[in-house]
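Enquirer: Please find one structure pasted underneath; my questions will follow.
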């Protein structure tokens, strides 16, 4: 059974810092990994999707990397802003040909102005 | 493009009562998912539909939970009877195919007292 772990559970940093969020998964036989953002009281928004054949994916100030063999992914946020405050979740397919996702518990990020 | 619509937004019921949630996915999205998100946890997949057929319901507690997707569009998720541990946010998501374009609704927050 696939399990996803995210470290740290919570992070508070001053505005402007670069930061890294970590995600690990137990079954490396994944065909993609996705990072989501969740704001309080709202649904999830997809940020980046990395296919298993890719090593990195970038969108603006966000960069996600994937190392399938070690079962790890990182989300790098450059020049953080207060608007980046949210919970960040990583997710991998549940497997077995279905498209459902298995999520980590998330990293609760606070960017101090 | 309209997002994934869910109702009600909030629901409070007593244990042993029944409750139903409704989801209207993005037009043209063949795949629909229901997730349960308990406070402090990542979303957990309950059921996946492809058009109006069930693809994966392995994590759905079938003794009390049921779901249907009539005509391959709207979907309802029902709990009968509810337990205290069912208190959670129930999220609906849809995608056109696979994991690209995965879009979540804002969810229904259920409190069982």
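Residue numbers (the numbering used here), protein chains in the order written: chain A, 7 to 119; chain B, -2 to 110. Quick reminder that beta carbons are idealized off the backbone N, C-alpha and C, glycines included.
Got a sec, what are the start and stop residues for the beta strand (DSSP E) residue 37 of chain A sits in?
Expert: Position 31 of the first chain, counting from 1, holds the residue named residue 37 of chain A. Per DSSP, residue 37 of chain A belongs to no beta strand (DSSP E) and is neither H nor E.
Enquirer: Hey, could you find the ends of the beta strand (DSSP E) residue 66 of chain B is sitting in?
Expert: Counting from one through the second chain, the residue named residue 66 of chain B turns up at place 69. Neither: residue 66 of chain B is in no beta strand (DSSP E) and is coded neither H nor E.
Enquirer: Hey, quick one: how far does the beta strand (DSSP E) through residue 60 of chain B stretch, first residue to last?
Expert: Position 63 of the second chain, counted from the first residue, corresponds to residue 60 of chain B. Looking at the DSSP string, residue 60 of chain B is not in any beta strand (DSSP E), and its letter there is neither H nor E.
Enquirer: Tell me, please, whether the CB atom of residue 92 of chain B is closer than 9 Å to any CB atom in chain A?
Expert: Walking along the second chain from the start, residue 92 of chain B turns up at place 95. Answer yes: the Cβ-Cβ gap between residue 92 of chain B and chain A drops below 9 Å somewhere.
Enquirer: Check whether the Cβ atoms of residue 13 of chain B and residue 78 of chain B sit closer than 9 Å, and answer yes or no.
Expert: Along the second chain, one-based indexing puts residue 13 of chain B at 16. Along the second chain, one-based indexing puts residue 78 of chain B at 81. Contact flag set, yes.
Enquirer: Along chain B, in chain order, which residues have C-beta atoms closer than 8 Å to that of residue 111 of chain A?
Expert: Here the question's residue 111 of chain A lines up with position 105 in the first chain. Within 8 Å Cβ-Cβ: 37, 38 and 39.
Enquirer: Report all residues from its chain with a CB closer than 6 Å to the CB of residue 93 of chain A; omit the five preceding and five following residues, and keep chain order.
Expert: What you label residue 93 of chain A is simply residue 87 of the first chain in a count that begins at 1. Correct list, in chain order: 44, 112 and 114.
Enquirer: I want to verify the contact list: residues of chain B whose CB lies under 7 Å from the CB of residue 49 of chain A, in sequence order.
Expert: The residue you call residue 49 of chain A lines up with position 43 of the first chain. Here the neighbours are 88, 101, 102, 103 and 104.
Enquirer: Skipping 5 residues on each side, what residues in its chain have a beta carbon closer than 7 Å to that of residue 52 of chain A?
Expert: Your numbering for residue 52 of chain A matches position 46 in the first chain. 40 and 42, listed in sequence order.
Enquirer: Residues bridged to residue 21 of chain A by DSSP?
Expert: Residue numbering aside, residue 21 of chain A sits at position 15 when the first chain is read from its first letter. Answer by DSSP bridge pairing: none, since residue 21 of chain A is not bridged.
Enquirer: Would you report the Cα separation of residue 28 of chain A and residue 95 of chain B, rounded to the nearest angstrom?
Expert: One-based indexing of the first chain puts residue 28 of chain A at position 22. One-based indexing of the second chain puts residue 95 of chain B at position 98. Between residue 28 of chain A and residue 95 of chain B, the C-alpha separation is close to 24 Å.
Enquirer: Which residues in the same chain as residue 25 of chain B place their Cβ atom closer than 7 Å to its Cβ, once the five residues preceding and following it in sequence are excluded?
Expert: Position 28 of the second chain, counted from the first residue, corresponds to residue 25 of chain B. If we look at residue 25 of chain B and ignore the five residues flanking it on each side, its Cβ neighbours are 93.
Enquirer: What separation, rounded to the nearest whole angstrom, lies between the Cα atoms of residue 109 of chain B and residue 35 of chain B?
Expert: Position 112 of the second chain, counted from the first residue, corresponds to residue 109 of chain B. Position 38 of the second chain, counted from the first residue, corresponds to residue 35 of chain B. So the alpha carbons of these two residues sit roughly 12 Å apart.
Enquirer: Taking the alpha carbon of residue 31 of chain A as the reference point, which residue from A/22, A/110, A/68 and A/88 has its own alpha carbon closest?
Expert: Here the question's residue 31 of chain A lines up with position 25 in the first chain. It is A/110.
Enquirer: Quick one: Cα of residue 50 of chain B to Cα of residue 62 of chain B, how far?
Expert: Locating residue 50 of chain B in the second chain gives position 53, counting from the first residue. Locating residue 62 of chain B in the second chain gives position 65, counting from the first residue. If you take the alpha carbons of residue 50 of chain B and residue 62 of chain B, they lie about 17 Å apart.
Enquirer: Decide if residue 26 of chain A is buried, meaning its Cβ has at least 16 other Cβ atoms within 10 Å, or exposed.
Expert: Position 20 of the first chain holds residue 26 of chain A. Looking at its Cβ environment, which holds fewer than 16 other Cβ atoms inside 10 Å, residue 26 of chain A is exposed.
Enquirer: What in chain B is Cβ-close to residue 106 of chain A, meaning under 7 Å?
Expert: Mapped onto the first chain, residue 106 of chain A falls at position 100. Under the 7 Å cutoff, chain B gives 30, 42, 45 and 53.
Enquirer: Any idea which residues DSSP pairs residue 100 of chain B with across the strands?
Expert: On the second chain, residue 100 of chain B is found 103 positions in, with the first residue counted as 1. According to DSSP, which records beta bridges pairwise, residue 100 of chain B is partnered with B/91.
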